[in-house]
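> If you read the sequence shown in our numbering, its first letter stands for residue 477, the second for the next number, and so on.
We put the CB at the ideal spot given by N, CA and C, even for glycine.
Nothing here was measured: the structure is a model prediction, and the numbers come from that model.
Following this message is one structure expressed as C-alpha cells.
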Amino acid sequence: MTHDEQILRKLSREFAVAANDDMNLKRKELHKAVVDLHMVRPVILIDELPWNELNQNGELTLQCEDPYLKSVERYIRQTLYKWKYIPGDMIIPPFIGVSKVIHTTGIGLQINEETVSTNSENNIVSHKFIDQMEDESCLELLHNEVITYDKEESERRYNLIANMIGDIIPVKLTGNRWVFDTLWDDVAQLHGVENTLIDLLVRPEYMHDIAEKLTSIFIDKVRQYEELNLFEGYQDTVHSTTAYSDDLPSKNFDGTHFKAKDVWGRGAAQVFASASPEARNEFDIPYMCRAMEQFGLVYYGCCEPLHNQIDIVSKIPNLRKISVTPWADFDIAAECIGKKYVMAAKANPAAVAIPNVDEGLYAVN
C-alpha cells in the first residue's frame with residue numbers, strides 16, 4: 477500500500493462516519509423545505525472560507541504526493557474540518573465524487589490581467605483587466621466553445637480512487653454541478669470594468685452586440701453539455717447555498733441522462749452593482765431570460781445588491797432563489813421577495829472578523 481493510499485484510506489474512514497450520520501438525512505429535509513417554499517426554518521451554510529488562515533493545528537496540511545490525489549485529499553480534509561468546527565446545517569454526500577474531465581477550446585478571447593497579492597497562499601487577489609474588446613471587430617474573434625469529454629482520463633481517475641477507497645465509501649463519477657451564465661462578469665474581465673460601465677452609456681449598441689454573442693455561446697455550451705451528458709444530477713449546493721429540491725430532476729427525467737431542465741441554472745451580473753436598475757433591466761435581464769429558460773430551477777445574483785430590483789429579477793423564468801448580500805437592505809428584500817422565492821441571505825462576515833466577538837450582540841432571538 478502506497479503512502480498516498482494510506483492517507484486517503486484513513487481520511488475516507490472519517491468521511492464515511494460523517495456521511496453516514498443520521499443528521500445528514502434530517503438536514504436534507506430542512507434543505508428541501510427551504511428550496512421548495514414550505515420552510516420549517518432557515519438553513520445555515522458556511523462557505524468560501526479563508527483556508528489559508530485556518531490550518532492552525534495541521535488538520536489541513538496535505539500529505540499526498542500525487543497532484544490529483546492531493547486534490548482529493550484537500551476536498552476530504554476541508555469537508556471534515558467544516559463538519560468538526562462549523563457544520564451549521566451542512567450535509568456530507570454519501571460518496572466521494574470523481575469529476576469528469578472536461579475540456580474546452582475556449583471562446584476565442586482570453587482574459588489578460590495584472591494581479592496584486594499580499595499573500596501568496598490566498599487565492600483572492602486584486603485584478604486589473606487589460607481590454608481585449610476595444611471595438612466591434614473583436615466580436616469576430618468570439619466563437620462557440622467546443623466541449624469534449626475525456627472519458628479515458630475520467631475512468632482512469634475513477635478507477636484509481638475506487639480501487640483505493642471504494643471498500644470504505646462509494647465512489648461516483650460526477651458531472652459538472654453548475655454551469656454559470658455570468659456574461660457581464662465575463663465582459664468586465666475581457667473589456668475592463670471601467671470600460672464596460674462607460675460603454676453602457678456611450679456605446680450601448682456595442683454592449684448589446686457583445687451580450688447577444690456571449691448568450692448565444694452559452695446556450696450552445698448547454699446544448700453540448702446535454703449531448704455529452706455532462707450535467708451532474710446530485711446538486712447539494714448551488715454557489716454556497718442549498719440546492720436540494722423535490723422539483724429536480726424534472727418529471728420527464730429518463731433516469732440516466734441529465735438535461736438542463738433537470739438541474740439548477742445560475743446567473744449573476746455583479747458589474748451592475750455600479751449601474752442603475754434600468755441598466756440591468758435593459759442589458760442583462762433579456763439575455764438572462766433566454767439563457768435560464770432551459771433550466772429546471774434558477775438562482776440569480778451574487779455580491780450585487782438586488783433588494784431594489786426584485787421586480788426586475790423576477791422576469792427570469794424558473795427563478796427560485798435570489799441572492800441578498802451584505803450590501804443589500806435585508807428588510808426591503810424580504811418584503812419584496814415575500815414567499816415567492818427563496819432569499820439567500822448572506823451575513824456580513826466583518827461582524828465576527830475581530831479578535832473578541834460579543835456573541836450576545838449577534839444572537840438571534
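(1) Quick one: Cα of GLN440 to Cα of SER630, how far?
(2) Do you know how far the Cα of SER799 is from the Cα of THR718?
(3) Measure the C-alpha to C-alpha separation of SER596 and ASP643 and round it to an integer number of angstroms.
(4) Do CYS765 and ALA744 count as a contact pair if the criterion is CB distance below 7 angstroms?
(5) Please state whether DSSP places MET764 in a helix, a strand or coil.
(6) Taking the straight line between their C-alpha atoms, what separation do you get for ARG489 and HIS514?
(7) Straight-line CA distance for THR580 to GLU702?
(8) May I have the straight-line CA-CA distance separating ILE792 from LYS689, to the nearest angstrom?
(9) In three-state DSSP terms, what is THR920?
(10) Our contact map puts GLU610 next to ILE693 with C-beta atoms below 8 angstroms; I'd like the distance itself, whole angstroms only.
(11) Looking only at C-alpha atoms, which of ASP498, ASN832, ALA492 and GLY741 sits nearest to ILE641?
(12) Looking at C-alpha atoms only, which residue of LYS546, ALA826, PRO802 and TYR776 is the closest neighbour of TYR817?
(13) Taking 7 angstroms as the cut-off, decide whether the C-beta atoms of GLY573 and ILE522 are in contact.
(14) Assuming ILE568 contacts ALA495 (C-beta within less than 8 angstroms), just tell me the rounded distance between them.
(15) Span of the beta strand (DSSP E) holding TYR625?
(16) Is it right to say VAL789 is buried, meaning 16 or more other beta carbons lie within 10 angstroms of its own, or is it exposed?
(17) Tell me, please, whether the stretch 731-745 touches the stretch 702-714 by the rule of three or more beta-carbon pairs shorter than 8 angstroms.
(18) Assign TRP803 to one of two classes, buried (16 or more other C-beta atoms within 10 Å of its C-beta) or exposed (fewer than that).
(19) Please confirm if the stretch 520-539 is in contact with the stretch 751-761, defined as three or more CB-CB distances below 8 angstroms between the two stretches.
(20) Going by C-alpha distance, which of ARG485, ILE623 and THR713 is nearest ILE695?
(21) Apply the 10 Å Cβ neighbour rule to THR672 and answer buried if 16 or more other Cβ atoms are within range, or exposed otherwise.
(22) Quick check: what's the CA-CA separation for MET477 versus ARG633?
(23) When you compare each of LEU525, ASN652 and ILE552 to PRO825 by their alpha carbons, which one comes out closest?
(24) Using beta-carbon positions only, say whether TRP660 and VAL747 come within less than 7 angstroms of one another.
(25) Would you kindly report the start and end of the unbroken beta strand (DSSP E) that includes ALA687?
(26) Could you tell me whether the Cβ atoms of GLY584 and LEU617 are closer together than 7 angstroms?
(27) Using 8 angstroms for Cβ pairs, my map puts HIS667 next to GLN608. What's the rounded Cβ distance?
(28) Would GLY772 pass as a contact of SER726 if the rule is Cβ separation under 7 angstroms?
(29) Check whether the Cβ atoms of ALA687 and TYR763 lie closer than 7 angstroms to each other.
Taking the structure as given:
(1) Nothing about residue 440 can be reported from this structure: the residues present for the chain run from 477 to 841 only.
(2) 12 angstroms
(3) 38 angstroms
(4) no
(5) helix
(6) 36 angstroms
(7) 15 angstroms
(8) 19 angstroms
(9) The displayed coordinates of the chain run from 477 to 841. Any statement about residue 920 would go beyond what the structure contains.
(10) Incorrect: roughly 20 angstroms between the Cβ atoms, too far for contact.
(11) ALA492
(12) TYR776
(13) no
(14) 4 angstroms
(15) 623-625
(16) buried
(17) yes
(18) exposed
(19) no
(20) ILE623
(21) buried
(22) 18 angstroms
(23) LEU525
(24) yes
(25) Element bounds for ALA687: not the beta strand (DSSP E) but the alpha helix (DSSP H), 680-704.
(26) yes
(27) 7 angstroms
(28) yes
(29) yes
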